[in-house]
Amino acid sequence: MANQDKSNNKIRKSRSRSPEKKAQQFERILESGKKLFSEKGREGFSLRGLAKNLDMNQNNLYNYVESKRELWIAIRKKFFEQYRDENRTIIKNHEGSTVDLLLNIFGHFFKFAEEDFTAFTMMHIIPSPPSDKIGPFEKQYKPFNFLNGTTKVIQKAINEGEIKENNAAILSFFIYSLILGATMIERTMRNFEENTDYKSTEADEMFQFGGQAFTSKEFRKYVLRKIQLGLTDPNLIVDESDYKY
Numbered sequence: 086m087a088n089q090d091k092s093n094n095k096i097r098k099s100r101s102r103s104p105e106k107k108a109q110q111f112e113r114i115l116e117s118g119k120k121l122f123s124e125k126g127r128e129g130f131s132l133r134g135l136a137k138n139l140d141m142n143q144n145n146l147y148n149y150v151e152s153k154r155e156l157w158i159a160i161r162k163k164f165f166e167q168y169r170d171e172n173r174t175i176i177k178n179h180e181g182s183t184v185d186l187l188l189n190i191f192g193h194f195f196k197f198a199e200e201d202f203t204a205f206t207m208m209h210i211i212p213s214p215p216s217d218k219i220g221p222f223e224k225q226y227k228p229f230n231f232l233n234g235t236t237k238v239i240q241k242a243i244n245e246g247e248i249k250e251n252n253a254a255i256l257s258f259f260i261y262s263l264i265l266g267a268t269m270i271e272r273t274m275r276n277f278e279e280n281t282d283y284k285s286t287e288a289d290e291m292f293q294f295g296g297q298a299f300t301s302k303e304f305r306k307y308v309l310r311k312i313q314l315g316l317t318d319p320n321l322i323v324d325e326s327d328y329k330y
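This is how it looks when you write it as C-alpha cells:
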C-alpha cells in the first residue's frame, strides 16, 4: 500500500510540473530511448526497460508516450527536423554550382552520421515497432520526404546543364543507397581507428575494415569525389533505355 501511495505521489508530481520541466523530461526520454533502441533493437526495446534506465515510474512514462512505436516516431521526428534545418542552412548559405551544393548536402549526411550515429540508425536503419493503435504522435506526423528535397536539387542541376542525365528521382535514390552504405562502412572503420580494443573475429567479417591502407576520412572523401565525377562526367551517363522495361 505504501508503495502504491509513493507511485501515486510521483504521478501527481509529474502532472504538476511546469511546461519547461516537462519539456526537459521529454528530452531525457527521447535521448535515453534513442540509446536503448540502438542497444536493444526494435524487439528488445521496452518501455519498462526505458523507465528503469530513467529511474522513472512506468506509469509516469505513459504520461509522455503511449507505446514504443510512439516513442520511435517522436525520436525520429526530432532528428529529422534537426537534419532538415541543418540542410536548409547549407542551402541558404551556399555559393557556387548546384553540383557543389549537392556534394555539401551529401557531406552533411556523412557528418550527421558521424556526430550521432545512434540518431542516424533511428532515422534510416531501425524499422518501426508495430502497434494496433495510432497514438497522438503518429496522428500528427507529417512525412519529411527528405529524398524529394534531394531530387529537386538534382533536377535544378539537370535544368542548368550541370548533370546530363534526365531522371532526377532515380539518381536521388541511387546516391542515397550509395551514401547510406558508405556511412555504415565509415562508422565501422572509425570504430577500429578510435578503439584498438574493438572486438571482432574472423567469423564477424568486420576485421577487414580495420586494416586498410586508407583512413575512414579518406574513404569518405573518395566516395564524395566519385559521386561528383559520376554526376558530371558525360561518359558515365545512364540512359533510361538502359534500365526501362
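So for the sequence shown, the numbering used here puts the first residue at 86; every next one is plus one. Idealized CB from N, CA, C, for every residue including glycine.
From F259, K163 and E290, pick the residue whose C-alpha is nearest to that of M332; which is it?
Missing from the structure shown is residue 332; the chain here goes from 86 to 330 and no further.
Measuring only the C-alpha atoms, how far is T206 from M269?
9 Å
Please return the same chain residues whose Cβ sits closer than 8 Å to the Cβ of F165, not counting the five positions on each side in sequence.
Hits under 8 Å: M208, F229 and F231.
Under the three-state DSSP convention, the category V323 falls into
coil
Can you tell me whether DSSP reads M141 as helix, strand or coil?
coil
So, helix, strand or coil for T317, using DSSP?
The answer is helix: DSSP assigns T317 an H, G or I state.
Can you grab the Cα-Cα spacing for the pair Y226 / G134, in whole Å?
A straight line joining the alpha-carbon of Y226 with that of G134 spans about 25 Å.
Under three-state DSSP, which class holds Y307?
The answer is helix: DSSP assigns Y307 an H, G or I state.
Among S152, G129 and D282, whose alpha-carbon lies nearest the alpha-carbon of L115?
S152
My understanding is that R154 touches P214, with C-beta atoms under 8 Å, so please give their C-beta distance in whole angstroms.
4 Å
Tell me the rounded alpha-carbon separation between S326 and K249.
Put simply, the backbone Cα of S326 is about 15 Å away from that of K249.
Any 3 or more C-beta pairs closer than 8 Å across the region 231 to 245 and the region 177 to 185:
yes
Cutoff 7 Å; reference E247; Cβ partners in own chain excluding five residues on either side:
Beyond the five residues adjoining it in sequence on each side, E247 comes within less than 7 Å, by CB distance, of S182, T183, V184 and T317 in the same chain, given in chain order.
So I312 and I260 are in contact, right, with Cβ under 8 Å, and what is the actual spacing, rounded?
Confirmed, Cβ separation roughly 6 Å.
Pull up the CB-CB distance for S216 and T235, whole angstroms please, since I reckon it's below 8 Å.
Contact doesn't hold; Cβ gap of about 30 Å is too wide.
Quick check on I160: does DSSP put it in helix, strand or coil?
helix
Can you give me the Cβ contacts of K163 inside the same chain, cut-off strictly under 7 Å, excluding the 5 residues immediately before and after it?
L115
DSSP three-state assignment for Y168, whether helix, strand or coil:
helix
Around the Cβ of E271, are there at least 16 other Cβ atoms within 10 angstroms (buried) or fewer (exposed)?
By the neighbour-count rule (16 or more Cβ atoms within 10 Å), E271 is buried.
State yes or no: is the C-beta of A267 within less than 7 Å of the C-beta of V308?
yes
Which value, in whole angstroms, describes the spacing of the CA atoms of F197 and I190?
Their backbone Cα atoms lie some 10 Å apart in a straight line.
Within 10 angstroms of its Cβ, does Y328 collect 16 or more other Cβ (buried), or is it exposed?
exposed
Following the continuous alpha helix (DSSP H) through H179, name the residue where it begins and the one where it ends.
Neither: H179 is in no alpha helix (DSSP H) and is coded neither H nor E.
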